[in-house]
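In this note's numbering, the protein residues as written are 1133 to 2111. Note that CB positions come from ideal geometry on N, CA and C, so glycine has one too.
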């Protein structure tokens, strides 16, 4: 007999199970535990479920719930019996429940690790991905409560419920018993289940942004009765852009007799509008926003753009108002851009939306732009317009309380109208997710990022997100690893964006330089060398060169197989009277465009000095303004993998295909819609279209260098690295886990604990990382005894914190070959630096000579585990010459890590020295990465120094810190952040 909740141990309400989620259609809903206060909601919900859905749930006609049913389904102990509900507007739209059972299928308590699970989704909300979201969350709850398997009985006709389980990606078993299908799911996350979860998250979040950018109708709430003001400005901009949908002006202060305003219907509230409004732009004072949001939610608005200020940028009180705004909007299933936003723009011909304060809508183009600053947004829109570039979409998120740069990346990944994504970010709410999404998006189209507030150590006012403590240099390295083009200024972002949107990717770093100014050509040549490119000697066409000369020279350079890109430099012609002629820009532009169109597809950039009309004329054939068509095979797929570098080698990089692209079904109702296909990589123009022009050689070269590095990343991403199999054979993961449990104890200190030298050696040895032993030497006799035990030659080291790894301070003596040398060294060190009790000296056997390096791994709560490498010593620390990669690292990551520091030549035979054993160093990096990835309790490791010799390496010192593992939100069920 099932124990009643009154007889069961009661556990506190688990509020950490509450979560906001984005459903398949882009709307939001809230998942939370069911409580005893939900009886009326449950009855109302059940009354709205069809008889067919009820039959599938209870295997018999079940028209209504009895009082006993209601009591059972609303009383849980949150351990053995758990119920979750999905709510919108406070009302249930779906439920799930599990009951722990024993091997005989009877109600049980722990340690039984199996539970029976059942779902029910309201028919009106089937097809929105409700059941799949519930399964993710109830599975996470079950794992937390020690349940490892779900069992479910499903009628054979209930194909949709069977599909929910089948498509989840968990390991499962299926049998047919007593007229029903018996399903058993192993709840341990698998690579497939995680991929399915992330694929669903991507499609849902992309759809939520698409709903905001492509509404069928827009209401501006707070439209002023007189010209001027924020609301009236947005209304004017909507009309001026030619928005293709329906527009409404809303203001509760309108006179009752006012029917229209600026030619659009005017209303006092959304309730007066005959149709449902898709998007509401809110431009009222902050204290009136809650009323406006409630009006929107009650009338089915899908999304909000909140221009109103007075939130987190005003301090703690405003931050709480901002959190309440998000809670209120999400309770109605709406997403928010803002508050304190500048607005949104979509230039698609079928939409033509300018719901922003930008007075002029940008031209249609292929660049997507996201910014967290209205002022920067204005500057970027102006700069792109001035240089003749168009946009596909624009979002200025303000305080980014809800929709963030991560959401924009999800949208950009799928948007066929966007070839390049530009982002100005001042904070990263979820750095782990950002790098994951950026890597996926960068595999199909460039992502260019400027990160503001890099060195302040705090978030800008209004950005209520966790602060990451990792240095900006580390953030930059991790972005590079993910394929992100990280630049320092918004000018550089525009420069790179223009080149990437209008030109093919270069096949390599070889650059041809030609022009009519020898000096400008030399400046360009020097800039190429500084950026790591391989320029050919500049070709001087002389100041007498005509546009036809430029055309011939460019055509010749493009046809040269030893050239991957071309930079053209141009100064005004000097006429016969000695005066500069600046009006031939259009003629030169036509010549350059003609040569580019007729030659092999390679990137071309122009550096010009005061040539009137040249930049404008080059922008006239903007490839950022026209949609691109793709050659297709007979199967309807692109003929070649697009978006990769052009040239002799065919491009191969495409977006990774994730498992589980089939949509999950609900318990009953209409068939699920087909999932959209994965987007293909953005197709570069078959011939260069818009040729970007730059007023300085350095800017053009920097943009070209970024394109070269990105193209190289794309080529490498096509064949990702692997974790070598030898690690599986030479690591003792269970032994390390048991040791860590012992060291942490049953009640670990949340702050963690450092390991002793011997404890660290034992743990690292489980992963094949030997650390050379050290023996304490509190006095000369102990030092001599230690040396006798270890064998000469030995080293004497001080380990006091202020002297550790500081050989320059005299605390290290090497190559001590006998007892006399050791005693002399001991006396010298103690006389120079202090008493042995202060110095904590140790003795260690000498290692083979080599290059001293430092290998570290640490966990940042926001960014995740990071692997770092550099040379040992003060110079490397002072210059910040350290490379970083995210964990888990692959063989390619390890190889790149040791080659990406500036001092890397020291490892490869610099100035005639013997090259060191870099394969051994790469193996060490992989082993440490594996340790930290397998055991999140290992929150920091420092191997210093690691002496890398021509044959092998030696780890001379190791410090390890253990702590309870920080939460990994990226591995749990999908949820929207709450800041």
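Quick check on this structure: which residue in the options has the alpha carbon closest to the alpha carbon of residue i?
i            : options                   : result
residue 2026 : 1667, 1390 and 2050       : 2050
residue 1264 : 1289, 1284, 1333 and 1279 : 1333
residue 1269 : 1246, 1304 and 1229       : 1229
residue 1910 : 1461, 1929 and 1745       : 1929
residue 1440 : 1545, 1404 and 1471       : 1471
residue 1144 : 1164, 1153, 1150 and 1209 : 1209
residue 1284 : 1303, 1298, 1255 and 1316 : 1316
residue 1739 : 1607, 1717 and 1832       : 1832
residue 1961 : 1922, 1915 and 1988       : 1915
residue 1922 : 1976, 1938, 1969 and 1658 : 1976
residue 1616 : 1641, 1574 and 1565       : 1574
residue 1536 : 1636, 1563, 1241 and 1512 : 1563
residue 1084 : 1491, 1271, 1614 and 1274 : With the chain represented from 1133 up to 2111, any question about residue 1084 goes unanswered, as that position is not in the structure.
residue 1313 : 1872, 1319 and 1298       : 1298
When you compare only the Cα positions, how much space is there between residue i and residue j?
i            : j            : result
residue 1215 : residue 1179 : 18 Å
residue 1355 : residue 1364 : 5 Å
residue 1856 : residue 1571 : 22 Å
residue 2042 : residue 1686 : 39 Å
residue 2020 : residue 2059 : 10 Å
residue 1159 : residue 1176 : 22 Å
residue 1734 : residue 1865 : 50 Å
residue 1700 : residue 1749 : 15 Å
residue 1166 : residue 1427 : 27 Å
residue 1682 : residue 1695 : 17 Å
residue 1956 : residue 1964 : 12 Å
residue 2017 : residue 2028 : 9 Å
residue 1420 : residue 1459 : 16 Å
residue 1723 : residue 1849 : 37 Å
residue 1889 : residue 1898 : 15 Å
residue 1330 : residue 1151 : 16 Å
residue 1281 : residue 1868 : 26 Å
residue 2061 : residue 1662 : 33 Å
residue 1841 : residue 1638 : 9 Å
residue 1998 : residue 1641 : 29 Å
residue 1227 : residue 1279 : 19 Å
residue 1407 : residue 1351 : 11 Å
Write down the C-beta distance between residue i and residue j rounded to the nearest angstrom, noting that I regard them as a contact closer than 8 Å.
i            : j            : result
residue 1627 : residue 1834 : 7 Å
residue 1424 : residue 1414 : 5 Å
residue 1381 : residue 1371 : Going by Cβ atoms, the distance from residue 1381 to residue 1371 rounds to 10 Å, so no, they are not a contact pair.
residue 1348 : residue 1325 : Between residue 1325 and residue 1348 the Cβ distance is about 36 Å, and since that is not below 8 Å, they are no contact.
residue 1991 : residue 2068 : 7 Å
residue 1958 : residue 1912 : 5 Å
residue 1206 : residue 1161 : With a Cβ gap of about 19 Å, residue 1206 and residue 1161 do not count as contacting.
residue 1467 : residue 1534 : 6 Å
residue 1670 : residue 1643 : About 10 Å; that fails the 8 Å criterion.
residue 1884 : residue 2023 : Residue 1884 to residue 2023, Cβ: 30 Å. No contact.
residue 1904 : residue 2086 : 6 Å
residue 2108 : residue 1262 : At roughly 15 Å, the Cβ-Cβ gap does not stay under 8 Å, so residue 2108 and residue 1262 are not in contact.
residue 1488 : residue 1528 : 7 Å
Give the DSSP bridge partners of residue i, in chain order.
i            : result
residue 1305 : 1316
residue 1152 : 1162
residue 1172 : Residue 1172 pairs with nothing; no bridge assigned.
residue 1353 : 1382 and 1414
residue 1223 : 1220
residue 1238 : None, per the DSSP bridge assignment.
residue 1099 : This structure cannot settle anything about residue 1099, because the visible part of the chain is limited to 1133 through 2111.
residue 1249 : 1230
residue 1375 : Note: residue 1375 sits in no beta bridge, so no partner.
residue 1672 : 1647
residue 1583 : 1557
Below 7 Å, is the gap between the Cβ of residue i and the nearest heavy atom of the ligand GDP?
i            : result
residue 1342 : Looking for the ligand GDP in the displayed structure turns up nothing, as the structure carries no ligands at all.
Item to complete: Write down every uninterrupted run of the beta strand (DSSP E) in the region 1923-1982 whose length is 3 residues or greater and which is fully enclosed by it, in chain order.
Response: 1926-1930, 1944-1948 and 1973-1977
Discussion item. In chain order, what are the residue ranges of uninterrupted alpha helix (DSSP H) at least 4 long that sit wholly in the region 1709-1748?
Written reply: 1717-1730
Worksheet item: Which parts of the region 1845-1923 are runs of the beta strand (DSSP E), unbroken and 3 residues or longer, counting only runs that do not cross its ends?
Response: 1906-1908
Item to complete: Write down every uninterrupted run of the alpha helix (DSSP H) in the region 1528-1581 whose length is 4 residues or greater and which is fully enclosed by it, in chain order.
Response: 1537-1546 and 1563-1574
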